[in-house]
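For reference, the structure is listed below as structure tokens.
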Amino acid sequence: TGPLSAPPYTLHITWKELLLTVETPKPYISSSNLNPREGTETVTLSCDPDTQDVSYLWWINGQSLPISRPWQLCENNRILMLYGVTKDIAGPYECEMKNPVSSSRSDPVTLNLLYGPQVPRIFSPFNYYRSGNTLELSCFANSNPPAEYSWTINGKFLQSGQKLSIPQITTKHSGLYGCSARNSATGRVRSTFKRITVVTRSTIGLPI
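Counting in the UniProt record's numbering, the sequence shown runs from 1 upward without gaps.
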């Protein structure tokens, strides 16, 4: 008898690629500067963490980023650069991470834009006052942070503060009153003026 022979057989090898995808972590936004000065500073926003095999999307005011704006996306859209930030692009911003099976969006971030002061306004009930009355003026300028105020009369310093009150005025208090508003963060100062006339009680024909 001869040696035993094994029966013929066929070997089939099958390759199958398995793609393992995990849920995206909740992203968060990092900023190079959360308090930019209006129109002068560049802000870099980062969508973190830096994660492989995800795509990044950005939102402003709950809508996807418009094309015609002064910003630039880089590093697979993970980095958003804002140039010359103004009020209309101060946010809030959100970033989103997506992969084929899940997506996650960050908490909103709004930039604290430093601006102003705009030209202040002086508020007064009258332009003419009778002597012996109290002169009351107030001043306001749109500004962030709130402006610091100071008062002058005919170019001479009177006092600091948003409101000016002078009791028992006389004709010597007639003159050009100035209000200056200063923003300590932007370094800007704006001023406005209002002429006030004080008359004696014997004066007639005045609109007071």
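Positions of the beta carbon are idealized from the N, C-alpha and C atoms, including for glycine. Given the structure is predicted, the values throughout are model-derived calculations rather than measurements.
N- and C-terminal bounds of the beta strand (DSSP E) containing residue i
i	result
ASP48	43 to 48
ARG37	First-last for ARG37: undefined, no H or E at that position.
ALA181	175 to 182
GLN72	71 to 74
LYS194	189 to 199
PHE140	135 to 140
LYS163	163 to 166
ARG130	128 to 130
SER121	The sequence shown places Arg at residue 121, rather than the Ser named in the question. Per DSSP, ARG121 belongs to the beta strand (DSSP E) from 121 to 123.
ARG78	Segment: none, ARG78 is in no beta strand (DSSP E) and carries neither H nor E.
GLU96	93 to 98
Distance between residue j and residue i (C-alpha atoms, nearest Å)
i	j	result
ASN127	LEU65	50 Å
residue 231	LEU164	The structure shown does not extend to residue 231, since the chain is modelled only from 1 through 208, so no value can be given for it.
PRO145	ASN183	7 Å
ILE122	ILE196	11 Å
THR192	ALA141	10 Å
ARG188	ILE166	28 Å
ILE204	THR171	Caution is warranted here: a pLDDT of 49 is assigned to ILE204, below 50, making its placement in the model unreliable, and no coordinate value can be reported.
GLU94	SER160	41 Å
ASP88	ARG201	52 Å
ARG78	THR86	22 Å
Beta-bridge pairing of residue i - partner residues as DSSP gives them
i	result
PHE157	THR152
GLN63	ILE60
TYR28	ASP48
Contact check, residue i vs residue j, beta carbons under 7 Å
i	j	result
LEU80	THR186	no
VAL43	MET97	no
THR110	PRO125	no
ALA147	PRO117	yes
GLY39	GLY84	yes
CYS139	CYS179	yes
ALA181	TYR129	no
SER46	SER68	no
Inter-stretch contact at 8 Å, needing at least 3 Cβ pairs: the region 147 to 158 / the region 170 to 182: yes
Segment contact flag, the region 26 to 41 with the region 99 to 106, C-beta cutoff 8 Å, min 3 pairs: yes
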